[in-house]
Structures are given as structure tokens and as C-alpha cells.
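**Q** Attaching a single structure in C-alpha cells format; questions to follow.
In UniProt numbering, the protein residues as written are 1 to 476.
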């Protein structure tokens, strides 16, 4: 029987890192003035890390018999975690924000620390139901695809895309995705989307890459079609044309006839008119569309489905949070980046609409705050309205359990949701005050009057990176 004293070994090696006796390597990490020099030992680095084994073999000792390395692309905070793992085989993630953990993941990949790469992926997927990964979908998905080795997160994202394709196709980042990412998505066999809609999105992506193309298709020349065909040459073979109905072929494909090779276009029509007749074109299998009714994700650039479940639980005054089957539908009414950031826009678009909720992403800090308003919004009659069910809130993306709800306590001073020429404020008591142009002006602030507690740790005025207003209705 072999007895293993790994804890003692780990602690002793970690002490060697903290008191680097006989070090023979220095690593300058980060950029000045936030850089830091680590004094470490080549024999530990080479035995534990393939990257350092190669790097140190290529580096000569200086006159002080020390090898000098520089790693400006890794932050001091991230390298601190990595070097402690290299020496002691231990890692603690509890106090790290998920954005830092993702940076740690990409750095671990660069250093060929495969064990750490696998552990960090699993951690991000299992922590808080992967809410951070869902919140930062487009950015992380693109990084994962480019890196190739983040297979655990890649499979997680492919499952989301397959079941909820609008998550990616309707995002603001869709048109900025590179070609290889687009191809990887439309290759998915279980993508839950009608084939003609996939065609629409491919065309939309291609046209966005050529902004000089005429908006009106009737004005296109042969050169315009050739430009789009060139852009989409690697995407078009992955559309499953033989699974598109005749009506949709006429409506969707025919206007872009010049994108097709003559033989493929003939085969598409042959298959529609005489299905049993052999053709030479490759017929891709149909998508594996589920028969059950799918619940589409909330159409938001700010919050995730998990956030929506938390809000719904607060609306119903539940002690425990809904985890599946949200009883409410969230219909997007206003989005700042789409409709404008002036508060008056909310009053104009949402006039006489009740049961609304506003989500605000604070500039610079990324905080998500907002308020639930069961009353009708008015684009006139600026005054305070009474409510017993309104509340303000702060949603935490790192740990949803730490989110803050502040319910109204002074009912007659609950909501100021009317607009007039001399006033452009939307107010939840003093708990949330949104004024003027939310993006270009720094008027908005949070307090405590008329509501239970403050939803922010300070009362500083702020501007807004994005905001969205939803109509909240019980599902039928």
C-alpha cells in the first residue's frame, strides 16, 4: 500500500514560491505601471508546464545566471492564480469574477495547462446555471470557436444555439461574427429553425458585409449579385435547399437566383416537381426538429432567462425562485440602442401600457438595475401615482442569489410615470430616477425614499450603456 502526502508536498512547494530561495527565472507579467516581477524556479516550471518547458529551453541565462521572461498579455491577477497552481496544484475561484475566470481560461490554454482548461470550463458551466456564459454569449462563443480547444463550452453553446437559435441570430453581434462561426452554426443538424429562415439569416449576414449594396433588390446589377455570391461562397453549400417548400423557394430563393449555379437551381426545381427523379446535387439531411413546443429565450441584450425567472418570482412574491417554465411572457417594447435613449421615448412608445419592467445597464460599471411598474404609463399628466406592487431592483450577473429587490413602502409616492414638456423623468419613488437622455447625460441616480432599501451601493449619478422596456403578461 502506498501512502500519498500530497497536501504537505503542495504546501511546501507553495512556500517555495512565496520565499523563492535559489530562483533562476524572473517573469515580468503585465504592462507598466501595473506590472509585477515573479521570481521562480525553472525545474518546477519545466516539469509542470509545457509552455515554459519550451520557452525556457529557448532562453539563455544572463550574466547573473537568471533567465528573464516577459508576459505582457497576462494580467498579474490571472498569473497569480496560474503560478500557484503550477507550484502547489491548487486553485481557488470563489472570490474571482467570472470575467477574470474566463481570462484565466484563455491564459491557461496559451500555457498548455490542459487540466486547468478542462476544470475552468466545467466551473463556468456549472456555476449559477452558467448565467455569465449566457449573458456574454456572442463574445465568448466567438472566442471559443477561434481557440478550438474549449470543447466543453463549445458543446454547451451549440446546445443553446440548437434549441434557441434566436439567441445568436437576433443578437446585435450576429452580423459581426466571422465566416467560420456562421458556418459552424448552420452546420448544426439539430438547429431548431425552418430552413428558409436560416437562408434569410445567411443572406442578411452576407448583405451586412457589403453595406454599399442597394437596399432595394430590384436595383441590383449582376455585379451586385456576384459580390454577394463571393461573400457567401463558403456558407451557401451548408443551406439545406431540398428541405424548403415550393412556396418558400419562390418567395425566398428565386429573388436571389443569380447566386445559384445553374445545375443546383435545376435540381432544386426538379426535386420539387418530380421528387422521385434522381439528381446529381448533394442532398443534405433534414434538420432534427423537435416536435414539442419550444420556449424562446427572452429577446434581451441585457438580461438572461435566469434573470427573467428571478423577476417573475418577485412579481408573484415567491419565496423561492422559478427555475423553469416562466409563467410570464416578456415582450420587448423599447430598446435604447434601437429607439433612442431619451426618457420621453419611453413615454411616447409605452403610452397607456401597464405592467412594464425596465432594465438599465449602467455605463462603465455594467450594473443591471431597473424597476417593475404595474401601472399605466402616461405621456402626459406628470404626477405621482399610487402602487402597492411596484419594486426596484439590482440583478447580479456573477451571483444571482445576491440580487437586490426593494419594494415600495410609501404607496402614494410609488411611481412618477407621466411626461410633460417640462419634465422627462421616470421615477420609482427615489429608489430609481431616470432622467433626460440616459446615454449622453449623467442625470440618473438611485436613493432610498419611498422604497425599502437602496439598489446601489452609492448615490452617484450615472449614464446608461443600454436600456430595455418590456411588457410583462401571463402566458396563455
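Virtual Cβ for every residue (Gly too), placed ideally from N, Cα, C.
Do you know how far the Cα of residue 229 is from the Cα of residue 326?
**A** One C-alpha to the other measures close to 42 Å.
**Q** Any idea what DSSP makes of residue 463, helix, strand or coil?
**A** Note: residue 463 maps to coil in three-state DSSP.
**Q** In chain order, what are the residue ranges of uninterrupted beta strand (DSSP E) at least 3 long that sit wholly in the segment 253 to 323?
**A** Entirely contained in the segment 253 to 323, not one beta strand (DSSP E) run reaches 3 residues.
**Q** Assuming residue 115 is part of the beta strand (DSSP E), what are its boundary residues?
**A** Counting along the chain, residue 115 falls outside any beta strand (DSSP E), though it belongs to the alpha helix (DSSP H) covering 114 to 126.
**Q** Hey, residue 304 and residue 135 are a contact pair by Cβ (cut 8 Å); roughly how many whole angstroms apart?
**A** Their Cβ separation, rounded to whole angstroms, is 5 Å, which keeps residue 304 and residue 135 in contact under 8 Å.
**Q** Report the start-end ranges of each alpha helix (DSSP H) in the segment 195 to 231 that is 4 residues or longer and not cut off at the edges.
**A** Here the runs fully enclosed are 195 to 208 and 222 to 231.
**Q** If we ignore side chains and look at the alpha-carbon of each, how far apart do residue 332 and residue 241 end up?
**A** Roughly 32 Å between the two C-alpha positions.
**Q** Please say whether residue 358 and residue 469 have beta carbons closer to each other than 8 Å?
**A** Yes, the Cβ-Cβ distance between residue 469 and residue 358 is below 8 Å.
**Q** Report all residues from its chain with a CB closer than 6 Å to the CB of residue 292; omit the five preceding and five following residues, and keep chain order.
**A** Only weak support exists for where residue 292 lies, its pLDDT of 44 falling under 50; the value from the coordinates is given anyway. If we look at residue 292 and ignore the five residues flanking it on each side, it has no Cβ neighbours.
**Q** How many whole angstroms separate the CB atoms of residue 25 and residue 67, which I take to be in contact at a CB cut-off of 8 Å?
**A** That belief holds up - the Cβ atoms of residue 25 and residue 67 are roughly 5 Å apart, short of 8 Å.
**Q** Within the continuous beta strand (DSSP E) that includes residue 249, where are the two ends?
**A** Careful: residue 249 lies outside any beta strand (DSSP E) and carries neither H nor E.
**Q** Determine, using beta carbons only, whether residue 391 and residue 407 come nearer to each other than 8 Å.
**A** Yes, these two residues count as a Cβ contact at 8 Å.
**Q** Give the DSSP-derived three-state secondary structure of residue 192 in the structure shown.
**A** Looking at residue 192 - three-state DSSP - the assignment turns out to be coil, as it is neither helix nor strand.
**Q** Kindly indicate which three-state DSSP category residue 444 falls into: helix, strand or coil?
**A** Here residue 444 sits in strand by DSSP.
**Q** Can you tell me whether residue 346 is helix, strand or coil according to DSSP?
**A** DSSP places residue 346 in helix when its eight states are reduced to three.
**Q** Tell me which same chain residues have a C-beta within less than 8 Å of the C-beta of residue 235, skipping the five on either side of it?
**A** Cβ within range, chain order: 179, 182, 183, 186, 202, 205 and 206.
**Q** Helix, strand or coil: which one does DSSP assign to residue 59?
**A** Coil, per DSSP.
**Q** What's the call for residue 92, buried or exposed, on a 16-neighbour Cβ count within 10 Å?
**A** The residue in question, residue 92, is exposed, as its Cβ has fewer than 16 Cβ neighbours within 10 Å.
**Q** So, are the CB atoms of residue 140 and residue 107 less than 8 Å apart?
**A** Not in contact: residue 140 and residue 107 (Cβ atoms no closer than 8 Å).
**Q** My guess is that residue 355 and residue 471 are in contact by the Cβ rule of under 8 Å, so how many angstroms apart are they, rounded?
**A** Indeed they touch by this definition, with Cβ atoms about 6 Å apart.
**Q** Going straight from the alpha carbon of residue 270 to that of residue 218, what length do you get?
**A** Going from the Cα of residue 270 to the Cα of residue 218 covers about 27 Å.
**Q** Report, in whole angstroms, the separation of the C-beta atoms of residue 393 and residue 377, which I expect to be a contact under 8 Å.
**A** Between residue 377 and residue 393 the Cβ distance is about 18 Å, and since that is not below 8 Å, they are no contact.
**Q** For residue 467 versus residue 353, is the C-beta spacing smaller than 8 Å?
**A** Not a contact, by the Cβ cut-off of 8 Å.
**Q** With a threshold of 8 Å on Cβ separation, who are the neighbours of residue 147 within its own chain once the five nearest residues in sequence on each side are excluded?
**A** So the list reads 106 and 109, once near-sequence residues are dropped.
**Q** For residue 414, does the count of other Cβ atoms within 10 angstroms reach 16, so buried, or fall short, so exposed?
**A** That one is buried.
**Q** Let's see if you can read the secondary structure: which residues bound the alpha helix (DSSP H) around residue 42?
**A** Where residue 42 is concerned, the enclosing alpha helix (DSSP H) stretches over 42 to 48.
**Q** In angstroms, rounded to a whole number, what distance separates the CA positions of residue 285 and residue 444?
**A** Rounded to whole angstroms, residue 285 to residue 444 spans 54 Å at the Cα level.
**Q** With 16 other CB atoms within 10 Å as the buried threshold, where does residue 475 fall?
**A** Burial call: exposed.
**Q** Looking only at its chain, what residues have a beta carbon closer than 8 Å to the beta carbon of residue 342, apart from the 5 residues adjacent to it on each side?
**A** Counting only Cβ-Cβ distances below 8 Å, and skipping sequence neighbours, we find 424, 436, 437 and 438.
**Q** Which of the three DSSP states is assigned to residue 473 in this structure?
**A** In this structure, residue 473 counts as strand in the three-state DSSP scheme.
**Q** Select from 48, 308 and 157 the residue whose C-alpha is nearest the C-alpha of residue 322.
**A** Checking every option, the nearest Cα to that of residue 322 belongs to 308.
**Q** Any idea if residue 294 is buried or exposed, counting beta-carbon neighbours within 10 angstroms, 16 or more meaning buried?
**A** For residue 294, the pLDDT reaches just 45, beneath the cut-off of 50, and the residue's location in the model is therefore unreliable, although a value from the coordinates is still provided. Exposed, because fewer than 16 other Cβ atoms sit within 10 Å of the Cβ of residue 294.
**Q** Would you check if the distance between the CB atom of residue 245 and the CB atom of residue 263 is smaller than 8 Å?
**A** No.
**Q** Over what stretch of residues does the alpha helix (DSSP H) that includes residue 438 continue unbroken?
**A** Element bounds for residue 438: n/a, residue is neither H nor E.
**Q** Label residue 465 either buried or exposed according to how many other C-beta atoms from any shown protein chain fall within 10 Å of its C-beta, with 16 as the threshold for buried.
**A** Classification of residue 465: buried, given that the 10 Å Cβ count is 16 or more.
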